[in-house]
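As structure tokens, the structure follows; a few thoughts come after it.
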Amino acid sequence: PNDEYGGKGVIIGWETPQDAWDAALQDALSNPSVVQERAVIAYEDFPTMDVEGKLVISQRLVDCDPFLFRGHSVTGCLTRLSSVTLLNVTAGGGSIVPVFVVEPK
């Protein structure tokens, strides 16, 4: 869909059975939709707290979206980490983490 939020209606093609994917593509042809090519996102190691409160290093997908104003400088980023493919905080699939611009580019 092209007008939802919070991950609602998002279908991860490579995680979807072929018949469901085919149906989603047919639906996208007749309804306003956004269909995107897969962009492979790398897993990175991050410190996290486990359920017992111990610090562990775990793999997370990283989505880093820089704030670029007037094409001149990056002043910050919205960065999300997730252990699942749908990197969406509202859908419960991610968390927002702090990012610091140490040296502006």
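Residue numbers for the sequence shown follow our numbering, so the first one is -14 and each next one is one higher. We put the CB at the ideal spot given by N, CA and C, even for glycine.
The criterion of a C-beta distance shorter than 9 Å is not satisfied by ARG45 and SER18. Spatial neighbours of GLY79 in its own chain (CB-CB distance under 7 Å, excluding positions within 5 residues in sequence) are listed in chain order as ARG65, LEU66, SER67, LEU72, ASN73.
For GLN44, the enclosing beta strand (DSSP E) stretches over residues 40 to 54. With distances taken between CA atoms, ALA27 lies nearest to CYS49 out of ASP35, GLU37, CYS49, ALA9. If you compare the alpha carbons of GLN3, ALA9, ASP4 with that of VAL(-5), the shortest gap goes to ALA9.
The residue from HIS57, PRO51, ARG55 with its alpha-carbon nearest to that of PHE85 is PRO51. Residues of the same chain with a CB within less than 6 Å of the CB of GLY(-2), apart from the 5 flanking positions on each side, are TRP6 in chain order. Per DSSP, reduced to three states, the secondary structure at LEU66 is strand. Per DSSP, SER80 is not a residue of any alpha helix (DSSP H); the beta strand (DSSP E) it occupies stretches across 80 to 82.
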